[in-house]
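Chemist: Counting in my numbering, the sequence shown runs from 7 upward without gaps.
The beta-carbon is built from N, C-alpha and C at its ideal position, and this holds for glycine as well.
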Amino acid sequence: MLENPVTGPAWDLSSEYESVSSSALRADLDSLSIFLDEAETHNRHFTANRDLESAQALTKLREQASTLLSNVGTYAHCLLSVDSQLEDAQKLNGELQSFHKRFGDVFEPLSQFVDDADDTTIAEYLSDPAIEPNAFLVLRSRERAHENLTLAEESLVNGLSQDGIHAWGKLYDQLAGSLTCCVSVGNEEQEMGIAQASALMSSADDHQRKAAWAAINEAWSAHDESTSASLNAISGWRLEMAKQRSRTQDIHFLDAPTHMNRISRSTLDTLLDVAAQAKPLAQKAARLQARAYGKSGFGPWDLRAPAPNLAASGRIAGDTHSAGVSFADSLNLIADAYGQVDGSMADFVRMMAENKWIEGTTGPRKSPGAYCTGFAKSKTPRVYMTYTGGQSDTITLAHELGHAYHSWVMRDLPDSQKSYGMSLAETASTFGETLVRDALLDQAQADQERLNIMWEEMSAFTAFLLNIPARFEFERNLYKARAERPLRPQELKDMMSAAWQTWYGDALSEPDPMFWASKLHFYISGISFYNFPYLFGYLFSLGVYARRESAGDQFFPQYVDLLRDTGRMTAEDIAKKHLDADLTDQTFWLATIATLEHRVSAFEGLLDELGV
Ligand SMILES: [Zn+2]
């Protein structure tokens with residue numbers, strides 16, 4: 007019997023633009039053109055003279071142009087997430103591609119000036135009050151000045167990358183959005199998009215999860231040549247660029263992602279050492295989860311399984327109700343949990359829904375996954391996801407609303423201080439998740455409820471401490487091997503299986519060899535190593551969370567101050583200033599792992615108590 011499926015609301019983007027062809031959108035693109043024309047006029051003088059006045063004027067123009075480009079780009083991205091086949095949004099994206107190229111070209115002389123000028127000139131450049139807020143970014147950029155190619159070369163690379171590395175990323179996105187697979191649901195075979203099939207991997211039914219996983223992998227296997235070509239091209243492009251940029255100093259493929267995340271290689275090494283030390287604990291958590299299902303080990307299709315419904319199966323007494331949670335209930339729950347830190351955080355959650363800034367519908371053409379984005383002009387965030395009423399959807403919503411809150415407390419800062427490295431970007435999101443889990447646990451009456459919540463905790467713990475390191479290990483090994491030659495699909499499968507084996511050990515019944523194709527994070531053309539920042543953010547935010555008790559009433563303002571600094575300091579400096587912690591030392595991290603040990607023991611205690 008098919009029940010009325012639980013779903014979330016649609017977002018309303020009309021406050022930004024009525025449509026792709028709206029006059030407001032066209033006017034923004036026209037203004038963008040004018041800003042770029044003006045910048046070009048300045049450049050005629052600037053490239054020869056490198057004068058301060060032009061540099062400052064160009065900086066201001068770049069900020070104005072960037073706001074418009076980002077605003078229209080976000081709009082196109084939002085539309086295409088809901089319907090990847092939308093023709094006019096696709097065309098707009100194509101149009102924006104040439105704007106991006108022009109933007110890159112026009113402001114490249116300024117970037118080079120900022121990197122190459124002597125310290126005195128830079129101090130003078132930053133003395134303009136309108137430019138001064140850029141100081142952190144400018145000084146960070148100068149640290150990597152040795153990587154710069156000549157102006158003509160940078161322009162060539164920028165031009166070629168649109169139909170080079172970025173085109174490979176787009177190919178993957180279009181494939182992921184249009185690929186369908188056949189999954190047996192109940193007694194019938196249903197054809198569905200990958201996102202829909204992926205949602206079935208959160209099903210409570212063992213067979214359903216396995217069927218969805220197998221169908222998704224079969225669909226990707228049929229495209230293993232094109233996906234491996236894409237992965238080889240993306241990684242190969244980056245390796246070649248690193249080689250080209252190594253003229254004065256050797257560039258490592260981890261330099262760009264660590265710098266981008268505003269952490270040092272030493273912090274990254276410390277983080278992975280700590281993860282390796284925590285591996286037995288994380289594997290124990292994974293085995294306990296399998297035990298709750300009455301299995302000796304989980305399969306890769308079980309990683310997003312909900313808690314087993316022991317009440318329904320009669321294994322424990324209690325409510326057997328298992329219908330999905332409505333979006334409204336889910337949202338209220340999150341608002342209450344956020345509100346325990348400060349009332350304004352609850353108001354924020356409710357405002358997001360009232361303003362229709364959350365997209366949670368289901369649909370065959372929706373892109374998989376969840377994200378938070380924002381419109382640069384109105385300085386307002388948006389949350390995207392597919393809401394189907396599972397408990398993990400509540401956690402995903404809490405996570406994305408954390409991102410949204412982070413951008414919200416920074417909305418009055420200068421634009422140049424609003425962007426943060428991904429490692430710190432996960433601080434507020436994971437903090438939000440933890441808040442919601444703990445609030446749920448406090449309120450829980452029934453055993454099944456407690457099981458559900460602790461289950462989510464264990465799922466997050468194993469995802470961050472086993473799955474993320476496995477992804478990191480795969481990607482690192484991929485770059486090492488790709489430096490020799492492109493890899494065949496079978497080699498990628500073997501490499502992925504080996505990484506899973508290293509981290510999961512015997513806690514999983516088998517690895518997930520097609521994960522290199524099914525995980526879209528490996529295909530983001532603008533960013534490499536879209537994995538370790540999650541591990542960093544998870545442990546870092548739990549470290550911040552642990553301060554809640556010790557700081558008492560002082561905590562909330564401190565938390566907001568910490569978030570507001572994320573766009574103008576390195577992670578190490580933020581930890582020192584707000585947490586008095588040294589991130590290159592294991593002490594801070596191990597203290598966080600210790601709090602997780604209690605959580606795993608509590609979960610084991612519950613299973614013992616329930617006799618499962
Ligand atoms: Zn996130």
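1. Is K514 helix, strand or coil when you go by DSSP?
2. Measure the beta-carbon distance from A136 to K249 and round it to whole angstroms, keeping in mind my assumption that it falls under 8 Å.
3. Can you tell me the Cβ-Cβ gap for K424 and G573, rounded? I've got them flagged as a contact below 8 Å.
4. For I128 and S208, what's the separation of their Cα atoms in angstroms?
5. Mark Q454 as exposed unless 16 or more other C-beta atoms lie within 10 angstroms of its C-beta, in which case mark it buried.
6. Reducing DSSP to helix, strand and coil, say where V26 ends up.
7. Any idea if K663 is buried or exposed, counting beta-carbon neighbours within 10 angstroms, 16 or more meaning buried?
8. Give me the Cβ distance between T402 and A376, rounded to the nearest whole Å; I'm assuming they're in contact under 8 Å.
9. Consult DSSP for R474 and reduce its assignment to one of helix, strand or coil.
10. DSSP beta-bridge partners for E197?
11. Under 6 Å, CB to any heavy atom of ligand 1. Which residues pass, going along the chain?
12. Compare the Cα-Cα distances from A63 to each of A45, H258, T13, D36 and report the closest residue.
13. Using DSSP with H/G/I as helix, E/B as strand and the rest coil, what is Y390?
14. Suppose the cutoff is 6 Å on Cβ atoms and the five residues either side in sequence are ignored; what does the same chain contact list for S422 look like?
15. What is the C-beta distance between T468 and A291, in whole angstroms, given that I count them as a contact (C-beta under 8 Å)?
16. Locate the beta strand (DSSP E) running through Y81, then write down its first and last residues.
17. Helix, strand or coil: how does DSSP classify E365 here?
18. Do H265 and R150 have their CB atoms nearer than 8 Å?
19. With H, G and I counted as helix, E and B as strand and the rest as coil, what does DSSP make of T264?
20. Can you find the residues in the same chain that come closer than 6 Å, C-beta to C-beta, to T326, ignoring five residues on each side of it along the sequence?
21. Round the Cβ separation of Q648 and M464 to the nearest angstrom and send it over; I've been treating them as touching at under 8 Å.
22. Give me the Cα-Cα distance between L596 and R553, rounded to the nearest whole angstrom.
23. What are the residues that DSSP puts in a beta bridge with F304?
24. Helix, strand or coil for T379, going by three-state DSSP, please let me know.
25. On the three-state DSSP scale, how would you describe S20?
26. Kindly indicate which residue of G532, S29, E22 has the alpha-carbon position closest to the one of L73.
27. Have a look at Q496 and S234 and give me their C-alpha separation to the nearest angstrom.
28. Look at R293 and A513 and say whether their C-beta atoms are less than 8 Å apart.
29. Exposed or buried, T440, counting other C-beta atoms within 10 Å across all chains shown (16 or more means buried)?
30. Using C-beta distances below 8 Å, list every residue in its chain close to S398, excluding the 5 sequence neighbours before and after it, in chain order.
31. Look at the alpha carbon of I322 and the alpha carbon of R297, and state the distance between them as a whole number of angstroms.
32. Roughly how many angstroms separate the alpha carbons of E578 and Y485, rounded to a whole number?
33. When the distance is taken between beta carbons, is R494 closer than 8 Å to G242?
34. Going by other Cβ atoms of all chains shown within 10 Å of its Cβ, with 16 needed for buried, is R605 buried or exposed?
35. Quick one: what does DSSP say R553 is sitting in, helix, strand or coil?
Modeler: On the basis of the data shown:
1. Correcting the residue type first, residue 514 is Leu in the shown sequence and not Lys. Here L514 sits in strand by DSSP.
2. Incorrect: roughly 38 Å between the Cβ atoms, too far for contact.
3. The C-beta distance from K424 to G573 rounds to 5 Å, short enough to meet the 8 Å contact threshold.
4. Answer to the nearest angstrom: the Cα atoms are 53 Å apart.
5. buried
6. Looking at V26 - three-state DSSP - the assignment turns out to be coil, as it is neither helix nor strand.
7. Absent from the structure is residue 663, since the part of the chain shown begins at 7 and ends at 618.
8. 5 Å
9. This sequence places Ile at residue 474; Arg is not what is there. Looking at I474 - three-state DSSP - the assignment turns out to be helix.
10. C188
11. H405, H409, E432, S435
12. A45
13. Of the three classes helix, strand and coil, the one that applies to Y390 here is strand, per DSSP.
14. Only P139, N140, L143 meet the Cβ criterion.
15. Between T468 and A291 a beta carbon distance of about 5 Å is seen, short of the 8 Å cut, so the two are scored as contacting.
16. Per DSSP, Y81 belongs to no beta strand (DSSP E); it is in the alpha helix (DSSP H), 58-88.
17. If DSSP states are grouped into helix, strand and coil, E365 belongs with the strands.
18. yes
19. The answer is helix: DSSP assigns T264 an H, G or I state.
20. Its pLDDT being 48, under 50, T326 is placed unreliably by the model, and nothing is read from it.
21. Since the first residue shown for the chain is 7 and the last is 618, residue 648 is missing from the structure and cannot be characterised.
22. 15 Å
23. L514
24. strand
25. coil
26. Per the sequence shown, the amino acid found at residue 73 is Thr instead of Leu. Scanning G532, S29, E22 for the CA closest to the CA of T73 turns up E22.
27. A direct Cα-to-Cα measurement between Q496 and S234 gives close to 10 Å.
28. Pairing R293 with A513 gives a Cβ-Cβ distance under 8 Å.
29. Residue environment analysis places T440 among the buried positions, since at least 16 neighbouring C-beta atoms fall within 10 angstroms of its C-beta.
30. S208, R310, P312, E462, S465
31. Straight across, the Cα-Cα distance linking I322 with R297 is about 15 Å.
32. 27 Å
33. no
34. buried
35. helix
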